[in-house]
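To start, the structure itself, in C-alpha cells.
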Amino acid sequence: MAAHAENNCAVEFDGVSKWYGHHQVLTDVTLKVREGERIVVAGPSGSGKSTMIRCINRLEEHQEGRLLVEGVEVTPERKKIEAVRREVGMVFQHFNLFPHKTILENCTIALRSVRGMGKAEANDVAMSFLEKVRIPEQANKYPGQLSGGQQQRVAIARSLAMKPRIMLFDEPTSALDPEMVREVLDVMVGLAGSGMTMICVTHEMGFARQVADRVVFMADGRIVETSPPEEFFENPKEARTRAFLRQLLH
C-alpha cells in the first residue's frame, strides 16, 4: 500500500457512479475521508449507503469515477483488490460466522490463511481481540450458542484481529434485538477512541452524535450534505435532510 495517501486521505471517492442494469444506484459520489476520521453515513433505505461503502473493498464494482483507498486506486485488477482488502475490515448486518467452527476458530481463519500466522500466534492475537470486545470466555463455544449481540462482537473482533487501517460497518445493529444494540454500540464507541478510520452506515443517531466527526447524508444515490453532527442535527442545510430527521426523531 502507499505509505501515506495524499493529505493523509484514507478513502477518496471522485465522481463515483454505479448502475444495476438500467437503475442508477450511485450518482457522482464525491467524498474524502481523512485518516483517523469517523464518518457516519445516514439516509433513507435504498439511498445507496451500503452500496457506497461496499465499493471501498470492491464487494460492489463502480462503473464511473475514481475510488482510492490509502492512495491505491480500486480497479478490477486482482492485486489491487487484494492490497485494498488487506487494509480494510468490514462488519456486516449479518454476522457471517462459520456455524461449525468455534468462536476462536472463526477469529483465526484469516490470520492463518491470509497473514500466514502459526496456530499459537493466531490464537493469542484472536484472544486479545475477543478480550477487547469483552467476550474472551466465549472462545470455545459455537456461534449458535451466543446471542446476536455477542455474535456481532465476535464479527468485530475477527475484523480487528487483521489489524486493518480502515473499518467499515454496514448497519451492524439492524439485525439485533433492541436490548443487544447497546452492547455492540458500546464496543464501537470504544473502537472510535482508538484513532482508527471508521465509516459506519447506521440508523443509530445517538451513536452518530456521540462518535462521528462528520455525518454524510445520502438520498437517491447522491450525497445530499456532509456536516459535523451538531450542525447535521441542529441546523441541517437541505430540505431532504430536514424531512429525514423529522421522520426519524418523531
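Here this note's numbering is used: the first residue of the sequence shown is 49, the next is one more, and so on. Ideal Cβ positions, reconstructed from N, Cα and C, are used throughout, including at glycine.
Pick helix, strand or coil for residue i, following the three-state DSSP scheme.
i, result
"serine 176", "helix"
"glycine 113", "strand"
"aspartate 225", "coil"
"glutamine 72", "strand"
"lysine 285", "coil"
"phenylalanine 146", "coil"
"lysine 1", "Nothing about residue 1 can be reported from this structure: the residues present for the chain run from 49 to 298 only."
"threonine 99", "helix"
"alanine 58", "strand"
"methionine 253", "helix"
"isoleucine 129", "helix"
"threonine 245", "strand"
"threonine 123", "coil"
"glycine 197", "helix"
"arginine 163", "coil"
Give every residue of the same chain whose Cβ lies closer than 6 Å to the Cβ of residue i, excluding the five residues on either side of it in the sequence, and list them in chain order.
i, result
"serine 222", "Gln141"
"phenylalanine 256", "The displayed chain sequence assigns alanine, not phenylalanine, to residue 256. Answer for alanine 256: Val88, Val263, Pro277, listed in chain order."
"methionine 165", "Leu159"
"threonine 274", "Arg262, Val264"
"alanine 203", "Val139, Phe143"
"threonine 75", "Ser65, Gly269, Arg270"
Can you grab the Cα-Cα spacing for the pair residue i / residue j, in whole Å?
i, j, result
"methionine 114", "phenylalanine 61", "Correcting the residue identity first, residue 114 is arginine in this sequence and not methionine. Cα-Cα distance, rounded: 6 Å."
"methionine 253", "phenylalanine 265", "12 Å"
"lysine 211", "lysine 97", "24 Å"
"isoleucine 129", "histidine 298", "42 Å"
"lysine 285", "glutamate 179", "42 Å"
"glutamate 282", "threonine 78", "24 Å"
"aspartate 261", "alanine 291", "22 Å"
"lysine 127", "threonine 245", "23 Å"
"histidine 52", "lysine 80", "At histidine 52 the pLDDT is 40, less than 50, meaning the model places this residue with poor confidence and gives no usable figure here."
"threonine 123", "lysine 167", "33 Å"
"histidine 70", "glutamate 109", "15 Å"
"glutamate 54", "glycine 119", "For glutamate 54, the predicted model reports a pLDDT of 47, less than 50, meaning its position is unreliable; a value from the coordinates is still stated below. Between glutamate 54 and glycine 119, the C-alpha separation is close to 7 Å."
"methionine 175", "glutamate 135", "21 Å"
"valine 173", "glutamate 125", "31 Å"
"alanine 240", "valine 259", "7 Å"
"leucine 296", "valine 162", "41 Å"
"leucine 107", "leucine 116", "15 Å"
Which residues in the same chain as residue i place their Cβ atom closer than 7 Å to its Cβ, once the five residues preceding and following it in sequence are excluded?
i, result
"valine 232", "Gly197, Gln200, Arg201, Pro220, Thr221, Leu224"
"glutamine 72", "Ser65, Gly269"
"proline 147", "Tyr190, Pro191, Gly192"
"asparagine 171", "Leu152, Thr156"
"arginine 133", "Asn105"
Let me check understanding here. Comparing Cα to Cα, which of the options lies closest to residue i?
i, options, result
"isoleucine 271", "Tyr68, Glu83, Gly94", "Gly94"
"isoleucine 247", "Val237, Ile214, Ser275, Phe265", "Ile214"
"glycine 192", "Met138, Ile151, Gly243, Met100", "Ile151"
"alanine 121", "Leu208, Ser98, Val59, Glu286", "The amino acid occupying residue 121 in the given sequence is glutamate; alanine does not appear at that position. Ranking Leu208, Ser98, Val59, Glu286 by Cα distance to glutamate 121 puts Val59 first."
"arginine 294", "Tyr68, Thr75, Pro92", "Pro92"
"glycine 84", "Gly63, Asn56, Glu109", "Asn56"
"isoleucine 183", "Ala205, Ala287, Glu112, Arg134", "Ala205"
"tyrosine 190", "Pro124, Ile104, Lys149, Asn105", "Lys149"
"arginine 102", "Gln258, Phe217, Pro226", "Phe217"
"alanine 90", "Thr250, Gln258, Leu296, Glu279", "Thr250"
Buried or exposed for residue i, please, with buried defined as at least 16 other CB atoms from any protein chain shown within 10 angstroms of its CB.
i, result
"glutamine 186", "buried"
"glutamate 227", "exposed"
"asparagine 188", "exposed"
"valine 237", "exposed"
If I measure Cβ to Cβ from residue i and keep anything under 8 Å in the same chain, skipping five residues before and after, which residues do I get?
i, result
"tryptophan 67", "Val73, Gln111"
"alanine 50", "Residue placement at alanine 50 is flagged as unreliable, the pLDDT there being 40, under the threshold of 50; a coordinate-derived value is accordingly withheld."
"glycine 137", "Ser207, Leu208, Met210, Pro212, Ile214, Met215, Leu216"
"alanine 267", "Gly91, Pro92, Ser95, Arg288, Phe292"
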